[in-house]
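In my numbering, the protein residues as written are -14 to 126.
C-beta atoms are modelled at their ideal positions from N, C-alpha and C, and glycine is treated no differently.
As the structure is a prediction and not an experimental result, all values here were calculated from the model.
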């Protein structure tokens, strides 16, 4: 059995990188997706869904360097259920209503923001896991 989730959204806060005891890099950041539609009563409904994204290894290092709050990203990965509930992580918001975030373990992160939009996100569109920095001889300027 296999499942893949693809989300496109805006990064909610700067990424946080840490290392496992074995030395493997792990970077986490949140992504918000927005949906707007007209409800049955004719009113516009705005819906935001939050995803907590975890990346590992080289992808984690690249995401920590280039992903910034407000950047637009495409994340491809798998849902990771909350161990306590078997579903999304649920909490109570400051206003007393229930909130939920979905945990995603990313296989691929593509940077969709231009340099001006994401402050350093650049036009790097591709699999961050396959990304290598060019040598000085290959830099086109």
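1) Just how far apart, CA to CA, sit residue 31 and residue 24?
2) Closer than 8 Å is the cut-off here; do at least three beta carbon pairs connect the region 63 to 76 with the region 10 to 17?
3) Relative to the alpha-carbon of residue 56, which residue among -2, 44, 65 and 3 has its alpha-carbon at the smallest distance?
4) What does residue 57 pair with, by DSSP beta-bridge criteria?
5) Can you give the Cα-Cα distance for residue 38 and residue 89, rounded to whole angstroms?
6) Ends of the beta strand (DSSP E) at residue 45?
7) Cβ of residue 27 less than 8 Å from any chain C Cβ?
8) Count the other C-beta atoms from every protein chain shown that fall within 10 angstroms of the C-beta of residue 66, then say buried if there are 16 or more, exposed otherwise.
9) Contact check, residue 17 vs residue -5 under 8 Å by CB: the rounded distance?
The relevant details are as follows:
1) The residue labelled residue 31 in the question sits at position 46 within the chain shown. The residue labelled residue 24 in the question sits at position 39 within the chain shown. Looking at the two C-alpha atoms, the distance is approximately 10 Å.
2) no
3) For this step, residue 56 is matched to residue 71 along the chain shown. The candidate whose alpha carbon is nearest that of residue 56 is -2.
4) Walking along the chain shown from the start, residue 57 turns up at place 72. According to DSSP, which records beta bridges pairwise, residue 57 is partnered with -5.
5) Residue mapping note: residue 38 aligns to position 53 of the chain shown, counting from 1. Residue mapping note: residue 89 aligns to position 104 of the chain shown, counting from 1. Distance between the alpha carbons of residue 38 and residue 89 is about 5 Å.
6) On the chain shown, position 60 is the one that residue 45 refers to. Taken as a continuous stretch (DSSP letters only), residue 45 belongs to no beta strand (DSSP E), being part of the alpha helix (DSSP H) at 42 to 51.
7) Chain labels in this structure do not include chain C; a single protein chain is all it has.
8) One-based indexing of the chain shown puts residue 66 at position 81. The residue in question, residue 66, is exposed, as its Cβ has fewer than 16 Cβ neighbours within 10 Å.
9) To locate residue 17, count along the chain shown from 1; it is residue 32. To locate residue -5, count along the chain shown from 1; it is residue 10. At roughly 5 Å, the Cβ-Cβ gap stays under 8 Å, so residue 17 and residue -5 are in contact.
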